[in-house]
Amino acid sequence: MNIIKASKDNFDAIYEIEKTSTYEKMSEEELKYELNENPVAFFFLLVNNNDEIIAYIDFWITFDSSTIFKIVTKENERNKGYAKKLLTYVIEFLKTKDVLYLTLEVRKSNIYAIKLYESLEFEKIVEKPKYYKDGEDAIYMVRGIN
Ligand SMILES: CC(C)(COP(=O)(O)OP(=O)(O)OC[C@H]1O[C@@H](n2cnc3c(N)ncnc32)[C@H](O)[C@@H]1OP(=O)(O)O)[C@@H](O)C(=O)NCCC(=O)NCCS
Numbered sequence: 010m011n012i013i014k015a016s017k018d019n020f021d022a023i024y025e026i027e028k029t030s031t032y033e034k035m036s037e038e039e040l041k042y043e044l045n046e047n048p049v050a051f052f053f054l055l056v057n058n059n060d061e062i063i064a065y066i067d068f069w070i071t072f073d074s075s076t077i078f079k080i081v082t083k084e085n086e087r088n089k090g091y092a093k094k095l096l097t098y099v100i101e102f103l104k105t106k107d108v109l110y111l112t113l114e115v116r117k118s119n120i121y122a123i124k125l126y127e128s129l130e131f132e133k134i135v136e137k138p139k140y141y142k143d144g145e146d147a148i149y150m151v152r153g154i155n
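Numbering-wise (this note's numbering), the sequence shown opens with residue 10 and increments by one.
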């Protein structure tokens with residue numbers, strides 16, 4: 010397993026996984042923007058020894074704060090520690106960027122994602138009622154960096 014920076018050449022493979030990810034799916038346009046244009050976005054991939062994408066993370070850095078926009082593990086590769094590996098890598102990366110905290114919103118029902126974040130010392134700060142289009146609440150979580 011290896012963690013590398015995503016490039017526009019990875020669009021098709023990422024989009025294929027994105028289409029099967031359970032929650033908010035990025036449209037083709039959104040994914041292209043995240044990969045090619047968003048000036049604050051960092052996009053990393055966890056790839057196997059055949060260079061196949063297993064998981065990816067898209068996070069934004071604005072001044073001293075960072076937020077996770079997307080983290081996805083390919084459906085048949087879940088619960089094997091890959092998201093945790095990727096996120097641990099990102100936390101170490103952020104320490105080199107003078108970032109003070111990492112934030113995210115997660116659906117209240119997304120128990121595996123919440124488990125992942127809690128295992129990496131994120132704290133639940135507040136609930137955001139009806140945050141998602143379908144009316145589900147979000148939990149806002151934060152982890153200090155450094
Ligand atoms: C959330 C998600 C990224 C987790 O990826 P993953 O690679 O399966 O996560 P990991 O294997 O690193 O597991 C992380 C933790 O969750 C737990 N977990 C993950 N899947 C689980 C499952 N199916 N059953 C029980 N526990 C599970 C693991 O045990 C682990 O907990 P631990 O560190 O306390 O042992 C993945 O489920 C996913 O892609 N979901 C769809 C997209 C999504 O919801 N992203 C998050 C949006 S905020």
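Note that the Cβ used here is the ideal one computed from N, Cα and C, for glycine as well.
- Within the model, the alpha-carbon separation for residue 11 versus residue 85 is close to 18 Å.
- Fully contained in the region 31–107 are the following beta strand (DSSP E) runs of length 3 or more, in chain order: 50–56, 62–71 and 74–82.
- With a cutoff of 9 Å on beta-carbon distance, residue 96 and residue 66 are scored as near each other.
- Of the residues assessed, residue 19 falls on the buried side of the cut-off, its CB having 16 or more other CB atoms within 10 angstroms.
- For residue 133, the enclosing beta strand (DSSP E) begins and ends at 132–137.
- The Cβ atoms of residue 49 and residue 69 lie closer than 9 Å to each other.
- Here residue 74 has 110 as same chain residues with Cβ atoms under 6 Å from its own Cβ, once five neighbours each way along the sequence are excluded.
- In the displayed model, residue 114 falls within a strand according to three-state DSSP.
- Residue 11 sits in a strand when the DSSP states are folded into three classes.
- Residue side-chain check: residue 91 places its Cβ nearer than 8 Å to a non-hydrogen atom of ligand 1.
- Take residue 57, set aside five residues on each side of it, and the residues of its chain with a beta-carbon closer than 7 Å to its own are 10 and 63, in chain order.
- Leaving aside the five residues that flank residue 131 on each side, the residues in its chain whose CB is nearer than 8 Å to its CB run, in chain order, 111, 113, 150, 151 and 152.
- Ranked by how close their Cα comes to the Cα of residue 52, the residues 135, 42 and 93 have 42 in first place.
- Using a Cβ distance threshold of 9 Å, residue 122 and residue 154 do not count as a contacting pair.
- Going by DSSP, residue 24 is part of the alpha helix (DSSP H) stretching over 20–29.
- Here residue 77 has 68 and 113 as same chain residues with Cβ atoms under 6 Å from its own Cβ, once five neighbours each way along the sequence are excluded.
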